[in-house]
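S.K.: Under our numbering, the letters of the sequence shown match residues -15 to 368, in that order. Handing you this structure, nothing more for now.
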Amino acid sequence: MAPERTTRPFVRGFTKISEGVWEYSPDLLFFDPNEQEYYTDAPDLILLFSWTGAPGRPVAKYTEQYQKVFPTSTIIIITTSLKDLAFRSSELKQANLQKLIDHVLNKRLVDRILVHAFSEGGSNKAVEFAEAYGKRTGTKLPVSAIVLDSTPGLPRFGKTCEAFVKSLPMHNSWPVWLIGWFLAGLILGIIWGLYCGIKGYHNNVISKTRRRLNDQQYWNLETSRCYLYSKSDELIHWEDIKSHAEDANERGIPVWSVCFDTSLHCRHEQEDRPAYWEAVMRTWERGLKVTNTTSETWSIYGKECAISLPPEMPSDSEYEVYKKYAQSDYGSRKEMSEYGSQRTLPYKEYGSEKRHVREEYDYSSEKRSVRNEYIPQRDMYRKI
């Protein structure tokens, strides 16, 4: 009798629950009850919609960080193939997501959800899931925060062909690159002609995804949202993403957008890890608060940043110092502890390890307590 064949996990520690869907469930039996205060504001569920054809290793960098900062959260990875994105109808995509919806409902993971979607493949699968969930339950997907990495763009033929080629295995080799571009021009040219000639420019999968991300039929428009994009993205034009963020803000969605300078498509975390995760964490924290917002454009860690903040967060004086904290050099940022509650300061390098310095302000005694504590990266976003 042949031995039973086992499925290799997409990411270590994850279990396959359906085709292209993998889950990590934390073992809560091993958590110290004395440290429970660290995890009370964590998401119940993190839905990570990976980019088209994403391999497990780079995706694991994001899941590992989430496991560190939200150790009590269930994480589900939903992958996407080029076939799924370009050639399957919405009806078929949503039918394939029914098992995942069953799983989420059965485990009652619908109180606080964080959605993190990458590129067009991830954002398309996210809106298909939200629509399928709405049809199934009659309610909107209860998302507290949405993170959009390198998405959404606009349909551009050249960049679509390039995305096709880069989704192929070994696309850096000349033979695959040449064949890929030939097939992309042939296959996508036919599809492009059909969409534009028959269905119209605004009914292709990219345009529909873009519209549905800002459609209140699928999302609560008070949900906190973060856009992460780069001026050096070779697949998605950064101004397409920026314009979508501006449209979302006009609709009342609280938006935090960060523009990177040199990072490539879906690689912004590699350019500036602290800035990337600071934006993610701020978006989640803001998603738990009141979402009537005021908007302003400024910068964080030297990155162009447009932010919408809950009105109760800053008084006038605190907001000015908060901006100074984000824009100034490291030496003057210690002033922030006098005006805010606990803050995590930007990293500096101590030897070979990047660490953060943390300070806190004790409101009960109205005394400043500066600890200058060097915090390992695994603890850098935990609450004090």
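Beta carbons are placed, not taken as given, at the ideal position from N, Cα and C, and that holds for glycine. Just so it is clear, the structure is predicted and the values come from calculations on it, not from any experiment.
#1: Helix, strand or coil, according to DSSP, for S134 in the structure here?
#2: Just the C-alpha distance for S134 and C243, rounded to the nearest angstrom, thanks.
#3: CB of P39 to nearest heavy atom of the ligand ADP: below 6 Å?
#4: Considering E230, what are the terminal residues of the alpha helix (DSSP H) in which it resides?
#5: From the DSSP output, in three-state form, read off V99 for me.
#6: Does DSSP put A44 in a helix, a strand or coil?
#7: Applying the criterion that 16 or more other CB atoms from any shown protein chain within 10 Å of the CB defines a buried residue, is A229 buried or exposed?
#8: By the three-class DSSP mapping on this structure, what secondary structure does L84 have?
#9: Which residue wins for smallest C-alpha separation from R92, given the options V189, K226, E112 and T58?
#10: Can you name the residues that DSSP bridges to R52?
#11: Tell me the rounded alpha-carbon separation between D11 and T121.
#12: Does the contact criterion of 3 or more C-beta pairs under 8 Å hold for the segment 39 to 47 versus the segment 71 to 81?
#13: Please name the residue, chosen from L219, V239 and S216, that lies closest to S227 on a Cα-to-Cα basis.
#14: Consult DSSP for A26 and reduce its assignment to one of helix, strand or coil.
#15: Thinking just about the alpha-carbon of each residue, which of L212, A38, I97 and G169 is nearest to the one in R140?
#16: Within the 7 Å Cβ cut-off, does F54 reach chain C?
#17: What is the DSSP secondary structure of A79, reduced to helix, strand or coil?
#18: Pick out whichever of I163, Q200 and I60 has its Cα sitting closest to the Cα of V94.
#19: Taking the continuous alpha helix (DSSP H) assigned at R(-4), which residues delimit it?
#20: Does Y117 come out as helix, strand or coil in the three-state DSSP assignment?
#21: Roughly how many whole angstroms lie between the Cα atoms of A259 and N188?
#22: Going by CA-CA distance only, name the one from E146, G173 and F(-6) that's closest to W161.
#23: What is the DSSP secondary structure of V189, counted as helix, strand or coil?
#24: Quick one: residues in its chain with C-beta nearer than 8 Å to the C-beta of G137, no 5 flanking neighbours on either side, listed in chain order?
#25: Using three-state DSSP, classify R92 as helix, strand or coil.
#26: Give me the residue from T123, V99 and W35 with the minimum Cα distance to T207.
M.R.: Quick answer:
#1: coil
#2: 10 Å
#3: You won't find the ligand ADP in this model; it holds no ligand whatsoever.
#4: W222 to E234
#5: strand
#6: helix
#7: buried
#8: helix
#9: T58
#10: The sequence given here places Lys at residue 52; Arg does not occur at that position. Note: K52 sits in no beta bridge, so no partner.
#11: 29 Å
#12: no
#13: V239
#14: coil
#15: G169
#16: In the displayed structure, chain C is absent; only one protein chain is listed.
#17: helix
#18: I60
#19: Segment: none, R(-4) is in no alpha helix (DSSP H) and carries neither H nor E.
#20: helix
#21: 33 Å
#22: E146
#23: helix
#24: E104, K143, I190, R194, L219, I220, H221, D224 and I225
#25: coil
#26: V99
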